[in-house]
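Chemist:
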Amino acid sequence: MKTAYIVKAYRTAVGKAPRGVFRFKRTDELAAETIQHMMSELPQLDKTRIDDVIVGNAMPEGSQGLNMARLISLMGLDSIDVPGVTVNRFCSSGIETIGIATAKIQAGMADCIIAGGAESMSSVPMTGYKTELNYDLAKSGHEDYYWGMGNTAEAVANQFNVSREDQDEFAYNSHMKALKAQAENRFQDQIVPINVKQIYVDENGKKASKSYTVNKDEGPRAGTSKEVLGKLRPVFAAGGSVTAGNSSQMSDGAAFVMVMSENMVKELNLEPIARLVNYAAAGVEPRIMGIGPVKAIPKALKQAGLKLEDIELIELNEAFASQSLAVMRELNINQDIVNVNGGAIALGHPLGCTGGKLSVQLFDEMRKRSMKNKYGMVTMCVGTGQGAAGIFEFLK
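The sequence shown lines up with residues 726 to 1121 when you count with the working numbering.
(1) Taking the alpha helix (DSSP H) that Ile-1022 falls in, what are its first and last residues?
(2) Using a 10 Å radius around the Cβ and a threshold of 16 neighbouring Cβ atoms, would you call Asp-893 buried or exposed?
(3) What does the Cβ neighbour count give for Pro-768, buried or exposed, with the cut at 16 atoms within 10 Å?
(4) Taking contact to mean at least 3 C-beta pairs separated by less than 8 Å, is the segment 818-825 in contact with the segment 1002-1012?
(5) Give the list of continuous alpha helix (DSSP H) stretches no shorter than 4 residues that lie fully inside the segment 846-899.
(6) Keeping to the same chain, check which residues put their C-beta closer than 6 Å to that of Val-887; ignore five residues upstream and five downstream.
(7) Is the separation between the beta-carbon of Ala-738 and that of Ala-843 shorter than 8 Å?
(8) Please name the residue, chosen from Ile-1062, Val-812, Glu-1090, Leu-802, that lies closest to Gly-1131 on a Cα-to-Cα basis.
(9) Since Phe-1119 sits in a beta bridge, which residues does DSSP pair it with?
(10) Roughly how many angstroms separate the alpha carbons of Met-851 and Met-784, rounded to a whole number?
(11) How many angstroms separate the CA atom of Ser-865 from the CA atom of Asn-859?
(12) Report yes if the CB atom of Tyr-735 is closer than 8 Å to the CB atom of Met-763, and no otherwise.
(13) Name, in chain order, the residues that DSSP records as bridge partners for Met-1105.
(14) Between which two residues does the alpha helix (DSSP H) holding Ala-729 run?
(15) Which same chain residues end up closer than 8 Å to Pro-1018 when comparing Cβ atoms and leaving out the 5 residues on each side of it in sequence?
(16) For the 8 Å Cβ check, are there 3 or more pairs between the segment 1026-1044 and the segment 1060-1078?
(17) Any idea if Thr-773 is buried or exposed, counting beta-carbon neighbours within 10 angstroms, 16 or more meaning buried?
(18) Spatial neighbours of Lys-1093 within its chain, please: C-beta separation below 8 Å, excluding the five flanking residues on both sides.
(19) Can you tell me whether Lys-1082 is buried or exposed? The criterion is at least 16 other CB atoms within 10 Å of its CB, across all chains shown.
(20) Hey, quick one: how far does the alpha helix (DSSP H) through Phe-981 stretch, first residue to last?
(21) Quick one: complete alpha helix (DSSP H) runs, 4+ long, within the segment 743-788?
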């Protein structure tokens, strides 16, 4: 089996949806410009040698439809020779693609693949434009497949006894860690600045435009507090505990890595950043989908021949505070190594982009901590009752 390495990793900043800094930017544009930046650092790579562009996307319809990955390949590489494929495992799509790319290279089916994810929740809403339900699911007992994500978060809070107070404290800490990271410029090396052109009607009723550059995550709230969070009303269930404040933010963003075979890495005289040791997905009851990592993490560790104690840094997607806390408690995870720079409650959760985004953040933080030859993990719950986990060895 061949060895696959990650040699480049970048992301955009994350904008709020649907009225944030990227509301005037298409998903394919966010992705293409991220790839263009990555390619600018690889002048020795002939782009026609790239075997595929694999893009994770959770809502592949509307402006994200028609196999958006192929369009991203054409726009980002300006070459007809490189194909593209869109992959959808909802919230884990962006790391699913890294798993696919790694496996293809290990099998000798490719030497160079761009993998990651992109999502604009400003462009395509959470459940898409027209969801058609299969009512026969009620007969089979799987009607919870269609539960809203907030309802599943309430179910997790109830089943695993996660209090409102604990959820709000977790959310507050997410914002504080993210704000501290921003103040220390801990994200800047991983973020590709994106130029946005806004078209609008001026005070005279005439068409006008203005441009601005986005290079900072929009989500962290400097003015939040435990008291502010505690006053928010539950939004998914009467008397519930899940609020807009202890849930992840709807977001826009893109993130990609370059995966190469060992032979190509040596040929181009590149220094690997990391390698994917193992990636695994697992199924759980849809009504408690947030607990998905509790099954996915042990599965990934077992396949990799590792133990939880071997993992020294974790990016756990904060879909909801309730499920994040439940996962860490069930697996007895050391919270000090989880989301050290904040998570999705503060920084946002651009669905199909998130797996790639968290991977980029993990590599950059491991670099800053000089964690060569150490293991890190990216993990998340997945809507409809799944969990996913990817284990990386940091090399650079």
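Virtual Cβ for every residue (Gly too), placed ideally from N, Cα, C.
Modeler: Well, looking at it:
(1) 1018-1029
(2) buried
(3) So Pro-768 ends up on the exposed side.
(4) Contact between the segment 818-825 and the segment 1002-1012 is present, with at least three C-beta pairs closer than 8 Å.
(5) Taken in chain order, the complete alpha helix (DSSP H) segments of 4 residues or longer contained in the segment 846-899 are 862-865, 874-884.
(6) Ser-1047, Leu-1050, Ala-1051
(7) no
(8) Residue 1131 lies beyond the range of the chain shown here (726 to 1121); nothing can be said about it.
(9) Ala-999
(10) 7 Å
(11) 11 Å
(12) In contact: Tyr-735 and Met-763 (Cβ atoms closer than 8 Å).
(13) Looking at the DSSP assignment, Met-1105 forms a beta bridge with Ala-1113.
(14) Taken as a continuous stretch (DSSP letters only), Ala-729 belongs to no alpha helix (DSSP H), being part of the beta strand (DSSP E) at 729-737.
(15) Leu-1041, Val-1052, Leu-1056, Thr-1104, Met-1105, Cys-1106, Gly-1112, Ala-1113, Ala-1114
(16) Judged by Cβ distances under 8 Å, the segment 1026-1044 makes contact with the segment 1060-1078, as three or more pairs qualify.
(17) exposed
(18) Closer than 8 Å at Cβ, skipping near neighbours: Arg-911.
(19) Burial call: buried.
(20) Looking at the DSSP string, Phe-981 is not in any alpha helix (DSSP H); the run it does join, the beta strand (DSSP E), is 976-986.
(21) 752-765
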